[in-house]
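Structure first, then comments.
Protein chains: 2
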Amino acid sequence: MHKPRKEMIAETRAKLIAAARHAFGTTGYAEASMDDFTASAGLTRGALYHHFGDKKGLLQAVIAQIDGEMAARINEVASRAPTRWQHFVDECSTYIEMALEPEIQRIMFRDGPAVLGDPAQWPNCSACIASMTDHLTALQEEGVVVSSLDPETASRLINGASSQAAQRIANSSDPEATSKKVVTAFKQLLEGLLKKPDPQSN
Amino acid sequence: MHKPRKEMIAETRAKLIAAARHAFGTTGYAEASMDDFTASAGLTRGALYHHFGDKKGLLQAVIAQIDGEMAARINEVASRAPTRWQHFVDECSTYIEMALEPEIQRIMFRDGPAVLGDPAQWPNCSACIASMTDHLTALQEEGVVVSSLDPETASRLINGASSQAAQRIANSSDPEATSKKVVTAFKQLLEGLLKKPDPQSN
DNA sequence: CCTATTCACATACGCTTCGTATGCCAATTG
DNA sequence: CAATTGGCATACGAAGCGTATGTGAATAGG
Numbered sequence: 001m002h003k004p005r006k007e008m009i010a011e012t013r014a015k016l017i018a019a020a021r022h023a024f025g026t027t028g029y030a031e032a033s034m035d036d037f038t039a040s041a042g043l044t045r046g047a048l049y050h051h052f053g054d055k056k057g058l059l060q061a062v063i064a065q066i067d068g069e070m071a072a073r074i075n076e077v078a079s080r081a082p083t084r085w086q087h088f089v090d091e092c093s094t095y096i097e098m099a100l101e102p103e104i105q106r107i108m109f110r111d112g113p114a115v116l117g118d119p120a121q122w123p124n125c126s127a128c129i130a131s132m133t134d135h136l137t138a139l140q141e142e143g144v145v146v147s148s149l150d151p152e153t154a155s156r157l158i159n160g161a162s163s164q165a166a167q168r169i170a171n172s173s174d175p176e177a178t179s180k181k182v183v184t185a186f187k188q189l190l191e192g193l194l195k196k197p198d199p200q201s202n
Numbered sequence: 203m204h205k206p207r208k209e210m211i212a213e214t215r216a217k218l219i220a221a222a223r224h225a226f227g228t229t230g231y232a233e234a235s236m237d238d239f240t241a242s243a244g245l246t247r248g249a250l251y252h253h254f255g256d257k258k259g260l261l262q263a264v265i266a267q268i269d270g271e272m273a274a275r276i277n278e279v280a281s282r283a284p285t286r287w288q289h290f291v292d293e294c295s296t297y298i299e300m301a302l303e304p305e306i307q308r309i310m311f312r313d314g315p316a317v318l319g320d321p322a323q324w325p326n327c328s329a330c331i332a333s334m335t336d337h338l339t340a341l342q343e344e345g346v347v348v349s350s351l352d353p354e355t356a357s358r359l360i361n362g363a364s365s366q367a368a369q370r371i372a373n374s375s376d377p378e379a380t381s382k383k384v385v386t387a388f389k390q391l392l393e394g395l396l397k398k399p400d401p402q403s404n
């Protein structure tokens, strides 16, 4: 018995996703020819349509995979941090770091939203956001963060800023210097969420 | 003399841009057929290629037009505001408001970046950002905003958050309620930029 | 062990869309 | 009034996508 059937199927699915991920990440979604990257996986479009319905379906699968990896990495980093606030800041930093990878930028922040619409409406719906939202909620209960704001909303705004931050660093001619400026500005923004020690002003 | 030549040319250019703008804004860039929307303007692709080189060139022209309109509207709102900080906040609010229009969302925030790349690298380069950057710089000199951050960087981060804010409102099932939550969270983030009255903390 | 059925995947076809090359006609120029 | 420019349309070829159909191997049933 060479290989069980199920295993072969899972393998071709994985090969398709991997090939598409590479093509989407480098060439871009619109410019990536289905004939080309299925061939690079030793397959044809027949397999693609069979498993994913169409090109968009395959993109969804690729995005789900990347999203899973990002969430895992964030959870790992998140697990070690002295305070919860630091924990939260670390999550954001990690998010920005990951967004520096061209593949993630292209697929998750550019082509993904363009093809599938607002990421907030995606099925798996960004595991990263969910994690950030949880921590914001906890921080509110602890009195560290102002209680007037909606955690998920705040998470998404921060998420938008993070993505801009990453793009700015990635496209910079001097990533080192830019990175410093961006991270400084970003942390400054986050300060706005903290409850002030003296609430008399304003 | 019916019409001077130059006028006719400008007119066809305008008609093409208007038709494309409508098609891109409703159908979407990728799905908009050049044959279709040029025909809806009483023209053919011949005119399009002659004036704009290709589809992307036309998108650039459309974006330039919209960007100009946005900048004009922002400057107008900006002109009336008691304090400079309020001025700045108003700019942001106006930006979010404009981003609620589906056409702007689609063209400027989704298809535009996907096709032309990071907006920060666009030629006209978002007149809105430039305006915000100017005001942030002034606010720093006045000592209202912390001096440690780079104005343009901060503008872009805020810009990213604004765009998220607008999308969240626009896609909400209850725009009224969502709008309140989003604006609250957004203004809270902006607070982070303000210099604290008592600089001893931190 | 042999037949039947399923199904993963390939092949073949037509349709749409894009980019280029070419042609035509009106408006300018001298 | 002749010549030329250039704005725009038409014609053609190439490529990509989606669907319909075909095929062969693995499973299931007797």
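For the protein sequence lines, the chains are A and B, in the order given.
When the first sequence is numbered by my numbering, its final residue is 202 and no position is left out of the sequence of numbers.
When the second sequence is numbered by my numbering, its final residue is 404 and no position is left out of the sequence of numbers.
We put the beta carbon where it would ideally sit given N, CA and C, even for glycine.
Quick caveat: nothing in here was measured; it's all calculated off a predicted structure.
List the residues of chain B that residue i touches, going by C-beta distances under 7 Å, in chain order.
i                      : result
residue 110 of chain A : 315, 316
residue 90 of chain A  : In chain order: nothing, as chain B lies at least about 18 Å away.
How would you list, in chain order, the residues of chain B whose beta-carbon sits under 9 Å from the beta-carbon of residue i?
i                      : result
residue 182 of chain A : 352, 355, 358, 359
residue 171 of chain A : 319, 320, 322, 323
residue 13 of chain A  : Ordered by position in chain B, no residue passes the 9 Å Cβ test against residue 13 of chain A, which lies about 26 Å from the chain.
Using three-state DSSP, classify residue i as helix, strand or coil.
i                      : result
residue 346 of chain B : coil
residue 245 of chain B : coil
residue 136 of chain A : helix
residue 318 of chain B : helix
residue 250 of chain B : helix
residue 218 of chain B : helix
residue 194 of chain A : strand
residue 110 of chain A : helix
residue 373 of chain B : coil
residue 165 of chain B : The structure shown does not extend to residue 165 of chain B, since chain B is modelled only from 203 to 404, so the question has no answer here.
residue 233 of chain B : coil
residue 351 of chain B : coil
residue 227 of chain B : helix
residue 102 of chain A : helix
residue 126 of chain A : coil
So which residues on chain A does residue i lean against when the C-beta distance must stay under 7 Å?
i                      : result
residue 393 of chain B : 192
residue 387 of chain B : 149, 150, 153, 154, 157
residue 232 of chain B : 30
residue 370 of chain B : 120, 153, 156
Just to confirm, is the Cβ distance from residue i to residue j under 8 Å?
i                      : j                      : result
residue 227 of chain B : residue 344 of chain B : no
residue 203 of chain A : residue 370 of chain B : No statement about residue 203 of chain A is possible, as the shown extent of chain A runs from 1 to 202 and does not include it.
residue 263 of chain B : residue 254 of chain B : yes
residue 333 of chain B : residue 271 of chain B : no
residue 291 of chain B : residue 389 of chain B : yes
residue 165 of chain A : residue 63 of chain A  : no
residue 114 of chain A : residue 225 of chain B : no
residue 250 of chain B : residue 231 of chain B : no
residue 391 of chain B : residue 117 of chain A : no
residue 185 of chain A : residue 336 of chain B : no
residue 71 of chain A  : residue 127 of chain A : yes
residue 300 of chain B : residue 282 of chain B : no
residue 145 of chain A : residue 196 of chain A : no
For residue i, count neighbouring C-beta atoms within 10 Å of its own C-beta (all shown protein chains included) and say buried if the count is 16 or more, exposed if not.
i                      : result
residue 237 of chain B : exposed
residue 244 of chain B : exposed
residue 123 of chain A : exposed
residue 50 of chain A  : exposed
residue 246 of chain B : exposed
residue 259 of chain B : exposed
residue 212 of chain B : exposed
residue 54 of chain A  : exposed
residue 248 of chain B : exposed
residue 86 of chain A  : exposed
At a CB-CB cut-off below 9 Å, which residues of chain A make contact with residue i?
i                      : result
residue 367 of chain B : 153, 156, 157, 160
At a CB-CB cut-off below 8 Å, which residues of chain B make contact with residue i?
i                      : result
residue 188 of chain A : 348, 350, 351, 356, 394, 395
So is the beta-carbon of residue i under 7 Å away from any non-hydrogen atom of the ligand HEM?
i                      : result
residue 106 of chain A : Although the ligand HEM was asked about, the structure shown includes no ligands whatsoever.
For this session: Pair every Cβ in the segment 206-218 of chain B with every Cβ in the segment 358-376 of chain B, then say whether three or more of these pairs are closer than 8 Å.
Result: Contact between the segment 206-218 of chain B and the segment 358-376 of chain B is absent: fewer than 3 CB-CB pairs across the two stretches fall below 8 Å.
For this session: Examine the Cβ distances between the segment 348-358 of chain B and the segment 312-319 of chain B and report whether three or more of them are shorter than 8 Å.
Result: no
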